[in-house]
Amino acid sequence: MCPLALFSVFLGQFIFSVEALNFIHKPRVTLTDKDVSFLRIHLSGNNRHIKLLQGPQDNIVYATGHRNLFQTNFHSSKSSIMSPVFGEGCRSNDPTSPDCHYNITVLHKTEDPNQLFLCGTNGQQHTLCCYMNPSDDPFNCTRSKGIQDIKQHIHEREPSLLIGSSEVEEFYTTHSGTEGSVGINRFGKNRLWTEDSGTEQRYVSLVASGQREDRLQDRLYAFYIERNRDPSLDSDLWIPRIAQVCMADRGGSKGYLQFRWTSKLSARLFCGDHDSRLYFTQLVDVNTVLAERWQDTRIYALFRNGWGVSAVCVYTVADIDRIFKTSNFKGHTGFVPSPRPGECVKDSTKLPMEVLKMVDKHSEMEEWVTSGPLLVTHHYYHHIRVDRVQGKGNVLFLSLENGGIHKVLERDGHAFVIAELQPFNYRAHILSMMLHSSTGKLYVGSSRELVQIDLGSCEQYGAQCEDCVLARDPYCGWDGHHCTTATNNTIQDVKNGNHQVCSNISRGVTASKVYFPRSSVGAADGIRVPLSSKYFLHCPTLSSHAEYSWRHHGNTTATPCISTGSKHPCLLLIESMGPEQQGTYSCVSEERGYHRTLVQYQLQLDSGATGLASHCLPCPVLGLVLTLVLTLLC
């Protein structure tokens, strides 16, 4: 078979597998600002990058702009602007000096709830880090005693961590690129950096492994992509990797690796499915879910591939730790010295020379850190945040390029896309997301707005118990009258979405929001349609996982429901109105055995007129009909 034919076969298999996965991972419902009340606060200016940080109170959120810090209060829907004063001379009469123009690149909490840790970089690529009190006016920089002389440029997109207190503080950050100390850098009492590898690296995340029984063994993991040195045309441009360093590392001896990491090891990350030949090498974002045992901490990594397909792979710290402790060293065939290179020791300056040399020359693991994808979809995701809902599974929030967010349930290794949330009423690019688990809030930032999403907002799923249970939303349950925030007393079945758990409850009059307009149900006067006219009936749809059909006098019509998915009407075309077309038309949905009549129309023949129907379709519906017709023709 010729190469072109082989490529065609592969492409066909690829498209088939992706389309099948997309069907499985289709959002069940789509919710806009018309369905859910999203709280929003305007951010002045055109902010090209946003960092979010939870404030000392639940209703306070900090957001960094280019040079300003916004303090937002969602109780009062107000935002105040604080302009950090980094340079000492900037308090004088010339604040317009170029030396005073610092871009905010780092924002962290400290142990003191009344202080923030910020870093700013000026036009000379000089960085200042300091503590600031949000209640101060002016917002002055109190220089850090331990973190000094950061002469490198810290880019606003570089991941960083602040560990410790103001007395014993350590600041970790990364440096991406090809020049300088590319890699993990630590500032504080024991400053360390990475020797230039000569290969371009781009860092995505820094993750602390969690406190171990022996604090000496605490580690830091860096997730990054490295430009592939393989010049082959069929090789991937980037290789995803993970690196480890020991937090107790103090560098090598004066003669070798002084002020450099002696515990840095790296391994290749793999995310893919061998059977379907789907591989993902473009690491996009990382989020960590801490566990009671450090070994069980889960790291969710968002990937893409060259076909624009996204995937989520999950790794545990135990899996990563095992690779660095047991794998052979790539390119090394001889004796492995003791202590094993990469092992955390009390005083790294006293490590034997053969250990230091091996770390310097053969620091890559031969074995890969592997995972099969939890989720594969054609959607182009940019950010991932994960919430652990006790006893019910994990919920992933994945940002889309149009400003939407997919809310995904992960349980028992399977993914279920609960909903697509659309918090912006315009096409927006999400710059940052922050999850506040204790209050059940998700914060999403664009260049001009900060939006709060209440994860316990549940009424939009429907007014019946079955609607609530089918949603499989861990945050929502049926209390006997409403779909509301889940408690120990509410009804839900997150695992299976089995609506039969509702069968034994007493039915009362519900006051929940009705998703479909009541005015279209049981129209007493009926709709008069002229003889021989065409007429469209439409039925709004909520769940894209349901099947919809029209029934005339109780019989299912042979014509299938025409729909383009969630929120688009299910249409029925009456080709020519006559006596036999009169009567009751019902739109019925069926989802996992749950049948429901959504709307009913009573059509009557208006024998006094002929020609086109006098009841024209609304413009949006008419436009949808034309779109559907063109789609079917194509």
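The numbers in the UniProt record's numbering rise by one with no breaks, and the one at position 76 of the sequence shown is 76. Every residue gets a Cβ at the ideal spot worked out from N, C-alpha and C, and that includes glycine. Just so it is clear, the structure is predicted and the values come from calculations on it, not from any experiment.
Leaving out five residues on either side along the sequence, give the residues of the same chain with a beta carbon under 6 Å from the beta carbon of residue i.
{"i": "residue 484", "result": "458"}
{"i": "residue 226", "result": "199, 201, 239 and 241"}
{"i": "residue 386", "result": "287, 289, 300, 394 and 396"}
{"i": "residue 285", "result": "302, 383 and 384"}
{"i": "residue 169", "result": "146 and 188"}
{"i": "residue 428", "result": "403 and 446"}
{"i": "residue 510", "result": "Only weak support is given to the placement of residue 510: the predicted model assigns it a pLDDT of 38, under 50, and the question is left unresolved by the model."}
{"i": "residue 651", "result": "What is shown of the chain runs 1 to 634, which leaves residue 651 out entirely."}
{"i": "residue 58", "result": "439"}
{"i": "residue 320", "result": "369"}
{"i": "residue 572", "result": "537 and 550"}
Whose C-alpha, out of the options, is nearest the C-alpha of residue i?
{"i": "residue 200", "options": "148, 229, 398 and 502", "result": "229"}
{"i": "residue 50", "options": "539, 586, 542 and 443", "result": "443"}
{"i": "residue 362", "options": "438, 452 and 327", "result": "327"}
{"i": "residue 259", "options": "336, 191, 113 and 409", "result": "191"}
{"i": "residue 336", "options": "37, 122, 354 and 398", "result": "354"}
{"i": "residue 61", "options": "590, 80 and 179", "result": "80"}
{"i": "residue 42", "options": "58, 413 and 74", "result": "74"}
{"i": "residue 67", "options": "101, 36 and 220", "result": "101"}
{"i": "residue 34", "options": "112, 460, 262 and 334", "result": "460"}
{"i": "residue 541", "options": "496, 596, 475 and 498", "result": "596"}
{"i": "residue 178", "options": "164, 194, 235 and 186", "result": "194"}
{"i": "residue 346", "options": "48, 171, 217 and 550", "result": "217"}
{"i": "residue 381", "options": "248, 420 and 589", "result": "420"}
{"i": "residue 129", "options": "114, 160 and 272", "result": "160"}
{"i": "residue 255", "options": "283, 357 and 244", "result": "357"}
{"i": "residue 280", "options": "313, 265 and 292", "result": "313"}
{"i": "residue 339", "options": "591, 422 and 325", "result": "325"}
{"i": "residue 108", "options": "63, 136, 137 and 152", "result": "63"}
{"i": "residue 103", "options": "330, 121 and 275", "result": "121"}
{"i": "residue 305", "options": "371, 237 and 498", "result": "237"}
In the DSSP assignment, the alpha helix (DSSP H) including residue i goes from what residue to what residue?
{"i": "residue 48", "result": "Looking at the DSSP string, residue 48 is not in any alpha helix (DSSP H), and its letter there is neither H nor E."}
{"i": "residue 354", "result": "353-361"}
{"i": "residue 466", "result": "465-470"}
{"i": "residue 324", "result": "317-326"}
Here's a check: name, in chain order, each residue in its chain whose Cβ is nearer than 7 Å to the Cβ of residue i, leaving out the five neighbours to either side.
{"i": "residue 25", "result": "375, 377, 415 and 417"}
{"i": "residue 323", "result": "267, 365, 367 and 369"}
{"i": "residue 82", "result": "68, 69, 71, 134 and 139"}
{"i": "residue 539", "result": "548, 569, 570, 587, 598 and 599"}
{"i": "residue 294", "result": "209, 210, 211, 212 and 317"}
{"i": "residue 493", "result": "469 and 501"}
{"i": "residue 352", "result": "337"}
Opposite residue i in the DSSP bridges: which residues?
{"i": "residue 408", "result": "396 and 417"}
{"i": "residue 311", "result": "303 and 376"}
{"i": "residue 262", "result": "In DSSP, residue 262 forms no bridge with anything."}
{"i": "residue 221", "result": "207 and 244"}
{"i": "residue 140", "result": "85"}
{"i": "residue 103", "result": "121"}
{"i": "residue 60", "result": "73"}
{"i": "residue 269", "result": "369"}
{"i": "residue 177", "result": "201"}
Am I right that residue i and residue j are in contact with their C-beta atoms under 8 Å? What's the rounded C-beta distance?
{"i": "residue 635", "j": "residue 502", "result": "The requested residue 635 does not occur in the structure, where the chain is confined to residues 1 to 634."}
{"i": "residue 645", "j": "residue 600", "result": "As shown, the chain starts at 1 and ends at 634. That puts residue 645 outside it, with no answer to give."}
{"i": "residue 531", "j": "residue 577", "result": "6 Å"}
{"i": "residue 172", "j": "residue 186", "result": "5 Å"}
Over the uninterrupted beta strand (DSSP E) stretch that includes residue i, give me the two end residues.
{"i": "residue 130", "result": "127-132"}
{"i": "residue 433", "result": "432-436"}
{"i": "residue 449", "result": "449-454"}
{"i": "residue 289", "result": "282-289"}
{"i": "residue 29", "result": "29-32"}
{"i": "residue 477", "result": "476-478"}
{"i": "residue 530", "result": "527-531"}
{"i": "residue 188", "result": "183-188"}
{"i": "residue 587", "result": "583-591"}
{"i": "residue 552", "result": "547-552"}
{"i": "residue 573", "result": "570-574"}
Can you list, in chain order, the residues of its chain whose CB lies under 8 Å from that of residue i, leaving out five sequence neighbours each side?
{"i": "residue 348", "result": "246, 248, 249, 250, 251, 252, 262 and 263"}
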